[in-house]
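This report concerns only the one structure given below.
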Amino acid sequence: MTSRLTSEFASRLAKVALGHVTREYPNHILHGLEGPQDAKTPSELHPVFYGSYDWHSCVHGYWMLARLLHLHPEMPEAQAIRDLFATMLVPDKIGGECAYFDRPMARGYERPYGWGWLLKLGAELHGHEDPAWAEALSPLTERIVKRFRDFLPLATYPVRTGTHYNTAFALRLAADFADTVGDDTFFDLLRSTALRWYGSDTACPAWGEPSGDDFLSPALIEAECMRRLLPATEFAHWFDGFLPEIAAGQPRTLFAPASVSDRSDGKIAHLDGLNISRAWCWSSLANTLTDTDPRRPVMRDAVHRHLAAGIAHVAGDYMGEHWLASFAVLDLTETK
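Residue numbers 6 to 341, in our numbering, belong to the letters of the sequence shown in order.
Dropping the structure here:
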């Protein structure tokens, strides 16, 4: 597969997502039941985001389709995406999603990964070709913003794992929404939380990376979160102290692509996502440096090796296919 988001590659990725965002089974549900009346099928619980194996993957499948439509409106799948959005991103169906989040048992549902992706979808739909899509989604984005506002002041500690519970990744995606819609108070909350959690971190050893089911690098996504939320000069000072030996290729583990032994195993298949998301982070971080900075070529080399290791596997086995393409589009469209 290509390392550029050509129209042809966008078309291939769109076909992948269109094939799973309305595929209800297999499905992995994290659902709290208050009584027997809550034992329902995925589509009964979630009128929109019931496909793609789980709720959050379906959300970022919709994000990917919106991003591809924005960048390549000429691709053959464009009309199918428009038809999907016109059918699914409507007030009554989004109202069903809101009703789920209004349940007392859903206070921490999809926190923080799904929260971040829902706001990322909201940011992508803001100003898109049909304003009705963002308008329909807005009651749900409002609920998720409130979830962040209520939760972050209570979250004494960050979560540094390389999976769905990682807090830096959620802040990073939420920042795009706050910036896009001009919610300065929300952005300030995200920034102050990041500083409280990560501002004093120095000489990161990355000693626990990668674990057996990481799809994020705890070290690199923390750095990318800080890059997104801090002013450039402030970030440069923080980054110098956080990863001070990049020019020497250290910590060594951050520069070696992960090996994936079994792509039919959903947890092991996460490591393909780790390679792709590392490429995204390294590329974004490298773009903050001057061309003469000795760290830049080392980081760019890491981008190419990680992307080469992961991009070929975004389609194939469903355990990776239902989500990996979104990470590929994140990498190929968020950085130069």
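The beta-carbon is built from N, C-alpha and C at its ideal position, and this holds for glycine as well.
All of these numbers come straight from a predicted model, not from anything done at the bench.
Buried or exposed by the 16-neighbour rule on C-beta atoms within 10 Å, applied to Arg-233
By 1-based counting over the sequence shown, the position of residue 233 is 228. Classification for Arg-233: buried.
Top-ranked residue by Cα proximity to Thr-190, from Ala-320, Leu-290, Arg-154 and Ser-57:
As a working note, residue 190 is residue 185 in the sequence shown. Considering only alpha carbons, the answer is Arg-154.
Grab me the residues of Gly-101's own chain with a C-beta within less than 8 angstroms of its C-beta, minus the 5 sequence neighbours each way, in chain order.
Translated into the one-based positions of the sequence shown, residue 101 becomes position 96. Excluding residues within five positions, the ones whose Cβ falls inside 8 angstroms are His-51, Pro-52 and Val-53.
Thr-11 burial status per 10 Å Cβ neighbour count (16 or more: buried)
Counting from 1 along the sequence shown, the entry for residue 11 is found at position 6. The residue in question, Thr-11, is exposed, as its Cβ has fewer than 16 Cβ neighbours within 10 Å.
Going by Cα to Cα distance, which pick from Tyr-114, Glu-115, Ser-143 and Thr-172 is closest to Leu-126?
Against the sequence shown, residue 126 aligns to sequence position 121. Closest by alpha carbon: Ser-143.
Residue range of the unbroken alpha helix (DSSP H) whose run includes Asn-171:
Locating residue 171 in the sequence shown gives position 166, where the first residue counts as 1. Run containing Asn-171: none; DSSP gives neither H nor E here.
Starting from Ala-91, follow the alpha helix (DSSP H) in both directions and report where the run begins and ends.
As a working note, residue 91 is residue 86 in the sequence shown. Membership of Ala-91 in the alpha helix (DSSP H) is indicated by the continuous run 83 to 93.
Locate the alpha helix (DSSP H) running through Glu-140, then write down its first and last residues.
Here residue 140 refers to the residue found at position 135 of the sequence shown. Its alpha helix (DSSP H) spans residues 136 to 156.
Grab the span of the alpha helix (DSSP H) containing Tyr-323 for me, first residue to last.
Position 318 of the sequence shown, counted from the first residue, corresponds to residue 323. Its alpha helix (DSSP H) spans residues 323 to 326.
Please report how far the alpha carbon of Val-303 lies from the alpha carbon of Ile-86, in whole angstroms.
The residue given as residue 303 occupies position 298 in the sequence shown. The residue given as residue 86 occupies position 81 in the sequence shown. Looking at the two C-alpha atoms, the distance is approximately 39 angstroms.
Within this structure, are the beta carbons of Met-80 and Ala-128 separated by less than 7 angstroms?
Here residue 80 corresponds to residue number 75 of the sequence shown, with the count starting at 1. Here residue 128 corresponds to residue number 123 of the sequence shown, with the count starting at 1. No. Outside cutoff.
Please go through the segment 209 to 249 and give each complete alpha helix (DSSP H) segment of 4 or more residues, from N-terminal end onward.
223 to 234 and 237 to 247
Endpoints, alpha helix (DSSP H) assigned at Ala-320:
As a working mapping, residue 320 is identified with position 315 in the sequence shown. Run containing Ala-320: none; DSSP gives neither H nor E here.
Quick one: Cα of Pro-47 to Cα of Thr-338, how far?
For the purposes of this step, residue 47 is taken as residue 42 along the sequence shown, with counting starting at 1. For the purposes of this step, residue 338 is taken as residue 333 along the sequence shown, with counting starting at 1. Using only the alpha carbons, I get a separation of about 31 angstroms.
Taking just the CA atoms, how far does Arg-257 sit from Ala-263?
For the purposes of this step, residue 263 is identified with residue 258 of the sequence shown, where counting begins at 1. For the purposes of this step, residue 257 is identified with residue 252 of the sequence shown, where counting begins at 1. Answer to the nearest angstrom: the Cα atoms are 12 angstroms apart.
Straight-line gap, Leu-159 to Thr-198 (C-alpha atoms, nearest Å):
Looking up residue 159 in the sequence shown gives position 154. Looking up residue 198 in the sequence shown gives position 193. One C-alpha to the other measures close to 10 angstroms.
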